[in-house]
Amino acid sequence: MELQIERAVLSSILFSPEQLDLVSEALEANDFVYTPHQNIFSAMLELRRLDLPIDEEFILKRNTKAHPINQEELLNILSTHPISDIKSYICEIKEASNKRKLRTFAMKIADASQEEEKNSKDLIDYLQSELYKITTMQENRNFRDAKEVAEATLDYIAEMKKRGNSTLIGIDTGFKRLNEKTTGFSKGDLIIVAARPAMGKTSLVLNMAQKALDTGKGVVFFSLEMPAEQLMLRMLSAKTSIALQNLRLGNLQDEEWQRLTDAVDTMSKAPFFVDDNSLLTIHQFRTKIRKIKSQHPEIALAVIDYLQLMSGTNNKDRYQEVSEISRGLKMIARELEIPIIALSQLNRTLESRSDRRPMLSDLRESGAIEQDADIILFVYRDDVYKQKDDKEKEAQAKKEGRDYTPTFQAREIEEAEVIIGKQRNGPTGVVKLQFHKQFTRFSDISNEVVIEYQTQFIPPKETKIEMPPIP
């Protein structure tokens, strides 16, 4: 019965090659139980990639020692009547494949439980990873030869050409200049967003998350510091341009109530998921994100606020613990093929410098984080320090019995900098933004000046750089 079902699906592809798109979305070659069928299906996929006809003659030309094409079985497939309800047959093949994998998985559980040198947490994580692969069509892969890698790279370059030299490849950050510098956040990237307190790093990543939601992508947010309701308040303030303080107090005009109602209706339909448990280990993170990703494949971005509040395992010292966390985040980003943004605190020592713009060495437990991250962004607002310094001078004058006239004047819209301190596959630099304090919202600045990033902060020289518009 299983043999006939597989033949019917392959026959339908031969008679209607456009069916391959539907089949390949659900099945991989090893989902077929019969080895000749696996090789024939692999040949079909290769022919589609090369934009060649998917027929008997071209399939036979794909015959190799590693993947031999059984001519007799190919004739059996051609003599099988194609089917109209191909989806039901695809489901049957996938169901049988999953059962075979689960039987293999059960044997792995039995074997793994006998390994005394592994602790139970490591075994559970390994088994969860294996189970996730079964549910999401992912398989362990052997070495990829140069031919496969070179052809895949050529396909990537061709795809980029089709986009018309667009600067945006990954997830839209929501900011034009940042997109131009980073090309967006790519699948498998670990992005660190770091700043001292009150700089607005949570607001920045919420703005990024909102942009992803606005473009139809799903976001999962792990908030270890702030309840989910407070996150939503900030997002609604940024989205509606209603002051955050007014939202907190419910002090709204009729027109603002309407804007708020519309925004809540939109957000309630968005694929946005929040875990605001204040206790989160790297093992728990893996388990939770694998589960939510398998239930909601549309999730394309994960955020953790913030990394230093996570914990590792086995009571390691803090450096080892952070190393375990940062490495674990990078591995899960690659496994799930989504970018993960992790917020991070900075060392207090930077505030003793004359120029308080952050550097890589200011990251707490910086060695592991700096090594694992693909992109490191620092958020800096000079007005935060100007206001703080002014208040300290006022307090000191009052203590000494002197009069003091404050020099700092608060602004509703402040200048902000996003410093790209590290980018594995691109340039570093500084992107200037505006920060709207009332609405906890960052925005682009027209005619923005881009500053070259320096590891030692010498007063930077500003230069105008003309950037091509995003199509």
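For the sequence shown, my numbering assigns the number 87 to the initial residue and increments by one for each residue that follows.
Note that the Cβ used here is the ideal one computed from N, Cα and C, for glycine as well.
Original post:
Does the distance from the C-beta atom of residue 338 to that of residue 320 stay below 7 angstroms?
Top reply: no
Original post:
Which value, in whole angstroms, describes the spacing of the CA atoms of residue 211 and residue 265?
Top reply: Between residue 211 and residue 265, the C-alpha separation is close to 35 angstroms.
**OP:** Write down every uninterrupted run of the beta strand (DSSP E) in the stretch 237 to 291 whose length is 3 residues or greater and which is fully enclosed by it, in chain order.
**Re:** 276 to 281
Original post:
On the premise that residue 444 lies in contact with residue 277, defined as a C-beta separation below 8 angstroms, what is that separation, rounded to the nearest angstrom?
Top reply: Not really, about 15 angstroms apart at Cβ, beyond 8 angstroms.
Original post:
So is the beta-carbon of residue 407 under 6 angstroms away from any non-hydrogen atom of the ligand COA?
Top reply: With respect to small molecules bound, the structure shown includes none, and the ligand COA cannot be examined in it.
Original post:
Taking all protein chains shown into account, do 16 or more other C-beta atoms lie within 10 angstroms of the C-beta of residue 463, making it buried, or fewer, making it exposed?
Top reply: Buried, because 16 or more other Cβ atoms sit within 10 Å of the Cβ of residue 463.
Subject >> Chain-order list of residues whose beta-carbon lies under 6 angstroms from that of residue 227 (same chain, five-residue window excluded) >> reply: The pLDDT assigned to residue 227 is 48, lower than 50, so where the model puts this residue is not dependable, and the model offers no usable value.
Original post:
If you draw a straight line from the alpha carbon of residue 100 to that of residue 238, how long is it in whole angstroms?
Top reply: For residue 100 and residue 238, the distance between alpha carbons rounds to 25 angstroms.
Subject >> Same chain, Cβ closer than 6 angstroms to residue 508, neighbours up to 5 away in sequence not counted >> reply: 462
**OP:** Could you name the residues that DSSP lists as bridge partners for residue 518?
**Re:** 503
Subject >> Minimum C-alpha distance to residue 368 - residue among 407, 380, 354 >> reply: The shortest Cα separation from residue 368 among 407, 380, 354 belongs to 407.
Subject >> Buried or exposed by the 16-neighbour rule on C-beta atoms within 10 Å, applied to residue 411 >> reply: buried
Original post:
Quick one: what does DSSP say residue 361 is sitting in, helix, strand or coil?
Top reply: Reduced to three states, the DSSP call for residue 361 is strand.
**OP:** Determine, using beta-carbon pairs with one atom in the stretch 301 to 309 and one in the stretch 474 to 493, whether at least three such pairs fall under 8 angstroms.
**Re:** The stretch 301 to 309, when compared against the stretch 474 to 493, does not touch it at the 8 angstroms Cβ threshold.
**OP:** Give the DSSP-derived three-state secondary structure of residue 466 in the structure shown.
**Re:** Residue 466: strand per DSSP, three-state reduction.
**OP:** Quick one: residues in its chain with C-beta nearer than 7 angstroms to the C-beta of residue 272, no 5 flanking neighbours on either side, listed in chain order?
**Re:** Result list for residue 272: 255, 256, 425, in chain order.
Subject >> Rounded separation between residue 149 and residue 138 - CA only >> reply: 15 angstroms
Original post:
Mapping DSSP to helix, strand and coil, what is residue 340?
Top reply: helix
Original post:
In the DSSP assignment, what are the bridge partners of residue 509?
Top reply: Per the DSSP secondary-structure output, residue 509 pairs in a beta bridge with 461.
**OP:** Can you give me the start and stop residues for the beta strand (DSSP E) that residue 390 sits inside?
**Re:** 385 to 391
Original post:
Distance, Cα to Cα, residue 124 vs residue 113?
Top reply: 11 angstroms
Subject >> Separation of residue 457 from residue 121, as counted between CA atoms >> reply: 43 angstroms
Subject >> Limits of the unbroken alpha helix (DSSP H) element including residue 118 >> reply: No alpha helix (DSSP H) holds residue 118; DSSP gives it neither H nor E.
Subject >> Nearest-angstrom Cα separation, counted from residue 108 out to residue 384 >> reply: 18 angstroms
**OP:** Identify the continuous beta strand (DSSP E) that holds residue 157 and give its terminal residues.
**Re:** Not the beta strand (DSSP E): residue 157 falls in the alpha helix (DSSP H), residues 157 to 164.
Original post:
How about residue 118 and residue 92: do their beta carbons lie closer than 7 angstroms?
Top reply: yes
Original post:
Should residue 294 go down as buried or exposed, given a rule of 16 or more other Cβ atoms within 10 Å for buried?
Top reply: buried
**OP:** With a threshold of 16 other CB atoms inside 10 Å of the CB of residue 379, please say whether the residue is buried or exposed.
**Re:** buried
Original post:
Does the stretch 127 to 137 come close enough to the stretch 190 to 204 that 3 or more CB-CB pairs lie under 8 angstroms?
Top reply: no
Subject >> Pairwise C-alpha distance: residue 105 and residue 234 >> reply: 24 angstroms
Subject >> Three-state secondary structure (DSSP) of residue 529 >> reply: strand
Subject >> Other residues of its chain near residue 326: CB distance less than 6 angstroms, five sequence neighbours each side excluded >> reply: 345, 346, 349
Original post:
Apart from the five residues just before and just after residue 330, which ones in its own chain have a Cβ nearer than 7 angstroms to its Cβ?
Top reply: 319, 320, 323, 524, 525, 526
Original post:
In chain order, what residues of the same chain have a beta carbon less than 6 angstroms from the beta carbon of residue 473, not counting five sequence neighbours either side?
Top reply: 494, listed in sequence order.
Original post:
Is DSSP giving residue 308 helix, strand or coil here?
Top reply: The three-state secondary structure of residue 308, taken from DSSP, is strand.
**OP:** Note the first and the last residue of the continuous beta strand (DSSP E) segment covering residue 428.
**Re:** 426 to 431
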